[in-house]
Amino acid sequence: MIRLFKVYYPVRTLVLLAGEAIIVWISFVLGTVLQYREDSYIELNFEYGYYKLLLVTLIVLLFSHWLDLYDPSSMTEKWEQTFRLLLVLGLVALALALIISFFPSSLPRRDSSLVGLIILAFGLFGWRNVYAWLSQQPYLREKVYVLGTGERAQRLVQGLRTRAELGVEVVGWTGTMEGAFTLEAVADHLTELANQHSVHRVIVAMPDRRGTIPVQQLLSLRLNGVKIEEATSWLEKMSGRIEVEQLYPSWLIFAEGFRFSNGLMVLRRVFSIVASALLLLIVSPIIPFVILAIKLDSPGPILYRQKRVGLGGNTFFCFKFRTMRQDAEADTGATWATDDDPRITRVGRFLRSSRLDEIPQLWCVLKGDMGFVGPRPERPEFVQWLTKEIPYYPVRNVVRPGITGWAQVRYKYGNTLEDAKEKLQYDLFYIKNASLGLDLLIMFHTIKIVILGRGAQ
């Protein structure tokens, strides 16, 4: 796996993306050459042709990303991939037509773009078939042995075997060895097993490593070129979250990350202020319509003010456009919203799904109570309860809470204890890997969620 913006991506996924970028580029170069012949050199070199092709490439990749064509888990049938590719081509054609109509000098000309799109259609379908064939070749898979038993090892093996884009073949693990070997018995044969199966990587997933880890065998394998990794780190790479159930305090102390230099904090603060100010400027024309809709829909105030827990465990007032009827918690007390919650108004349901109810929180960012990106702030009542139920829950308060966050773009909306634990695991990953690059990546995914109307999370 390759690390970009502090997040790990499968090599195969990056190869797929890079291959499609090259195909888009070549398709539109060929479209220009076929359309203009000897004049194509002038078109490409003296009319900013290559920069225009770069813009076309970004447009195609953007639509492919928005339709989850780089997320194999979202597609279970080949026809679904075919349908999405056709949809991407249609959206690209529409986008190019609109852009060329209003900004004709920003993209390749209409006739060469049409030829390029036709070539691109054949290129994308051909590349996807070649990629699928390559993915099935056993000699291109990394052979992995999982050393360990228990639930964590089982989850690891299951994840490695079900995610084909990782390019991994699990050749064995301690929990399924014939003869039900103990860890000590496996240790005696570990080198032999690794050589027999041509193992490239051993992942250690022992519940308690003290006194049981086969140090000499693992050292021998590493000196002979076999990669040795610990299960917690590998699960983090694979899932984009840090599991808290079997997390040792020593791992939090010694693990890479969890660094917050003054320079990084200042940079992220400046970024939050600039992003919030720009977004507030962009959405300001629709704010009067939102206010009017709230007033016409139900009686009560426009804004909803609520105490939330922020940086260092300190409380602050968080503002949102009101989406529930007035005195919604008069009878129930503090409760999470549920699916089809009867307390949510008609306008409120739209505001939540479009995330327009979050606009007043931009003021909280400008004040310094929140950042643009970070763990979502929770109410003090919930924080007190969740701190007792979930280990390491207070760790999320070491950074400013945010309007959007890693948990929000990676996990569904949740209103249970189990959902809170899942979100904490994503929050811990964010805190461990906090950087301006990761913030930009989260914003990119947030835009996708808002545009596609996938609702508040």
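Using the numbering used here, you'd call the opening residue of the sequence shown number 255 and step up by one each time.
All residues carry an ideal CB built from backbone N, CA and C; glycine is no exception.
Just so it is clear, the structure is predicted and the values come from calculations on it, not from any experiment.
Alpha carbon to alpha carbon, how far is THR286 from LEU378? Give it in angstroms, no decimals. Near 18 Å, if we compare the C-alpha coordinates of THR286 and LEU378.
Close beta carbons around PRO264, own chain, < 7 Å, minus the five adjacent residues each side: MET255, GLU419, LEU420 and GLY421, listed in sequence order.
Just to confirm the assignment, what range does the beta strand (DSSP E) spanning GLU331 have? First-last for GLU331: undefined, no H or E at that position.
Would you check if the region 385 to 395 and the region 348 to 368 touch, i.e. whether three or more CB-CB distances between them fall below 8 Å? Counting Cβ pairs under 8 Å, fewer than three are found: no touch.
Going by DSSP, what residues sit across from TRP617 in a beta bridge? BP columns for TRP617 are empty, so no partner.
Residue from VAL480, LEU620, GLN412 and LEU546 with nearest C-alpha to LEU533: The candidate whose alpha carbon is nearest that of LEU533 is LEU620.
For LYS574, collect the residues of the same chain with a Cβ closer than 6 Å to its Cβ; drop the 5 residues on either side in sequence, then sort them by chain order. Correct list, in chain order: TYR558, ASP611 and PRO614.
Which residues in the same chain have their Cβ closer than 7 Å to the Cβ of GLU484, if we skip the five residues on either side of it in sequence? The answer, listed in chain order, is VAL458.
Residues bridged to VAL422 [DSSP beta-bridge criterion]: GLU396, per the DSSP bridge assignment.
Less than 8 Å separating the beta-carbons of LYS481 and ARG455? Their beta carbons are under 8 Å apart, which means LYS481 touches ARG455 by this criterion.
Between the Cα of PHE300 and the Cα atoms of SER359, LEU339 and SER552, which residue gives the shortest distance? The shortest C-alpha separation from PHE300 is found at SER359.
Check ARG455 in the structure and name its three-state DSSP category. In the structure shown, the three-state DSSP call for ARG455 is strand.
Measure the Cβ-Cβ separation of ARG597 and ARG576 and say whether it is below 8 Å. With respect to the 8 Å criterion, ARG597 and ARG576 are not classified as neighbours on the basis of their beta carbons.
In angstroms, rounded to a whole number, what distance separates the CA positions of LEU692 and LYS677? Between LEU692 and LYS677, the C-alpha separation is close to 17 Å.
Anticipated Cβ contact below 8 Å, TRP590 with ASN669, distance rounded: About 4 Å separates the two Cβ atoms, so the contact holds.
So, helix, strand or coil for MET431, using DSSP? Reliability of the predicted coordinates at MET431 is poor, the pLDDT of 43 falling under 50, and the value obtained from them is presented with this limitation in mind. For MET431, the secondary structure class from DSSP, reduced to helix, strand or coil, is coil.
Can you round the beta-carbon distance between LEU288 and VAL369 to whole angstroms, since I take them to be within the 8 Å contact cut? Contact between LEU288 and VAL369 holds: their C-beta atoms lie close to 6 Å from each other, under 8 Å.
Strand pairing of ILE482, partner residues [DSSP]: Paired residues: VAL456.
Taking DSSP as the reference, what is the three-state secondary structure of VAL627? Collapsing the DSSP output to three states places VAL627 in a strand.
Under DSSP, the beta strand (DSSP E) around GLY656 begins and ends at which residues? Here the beta strand (DSSP E) through GLY656 covers 656 to 658.
Whole alpha helix (DSSP H) elements within the region 646 to 698, 4-residue minimum: Complete alpha helix (DSSP H) runs here, min 4: 660 to 664 and 671 to 686.
Taking 8 Å as the threshold (C-beta atoms), are LEU315 and THR351 in contact? According to the sequence displayed, residue 351 carries Ala and not Thr. Contact flag unset, no.
Alpha-carbon to alpha-carbon, GLN408 and LYS686: In this structure, the alpha-carbon of LYS686 lies about 25 Å from that of GLN408.
Which term fits LYS306, buried or exposed, when burial requires 16 or more other beta carbons within 10 angstroms of its beta carbon? LYS306 comes out buried.
DSSP puts PHE571 in a beta bridge; with which residues? DSSP output for PHE571 lists LYS561 as bridge partner(s).
Helix, strand or coil for ARG257? Go by DSSP, reduced to three states. If DSSP states are grouped into helix, strand and coil, ARG257 belongs with the strands.
On the three-state DSSP scale, how would you describe LEU401? Residue state, collapsed to three classes: strand.
Which residues does DSSP pair with TYR502 in a beta bridge? Partner(s): none; TYR502 has no beta bridge.
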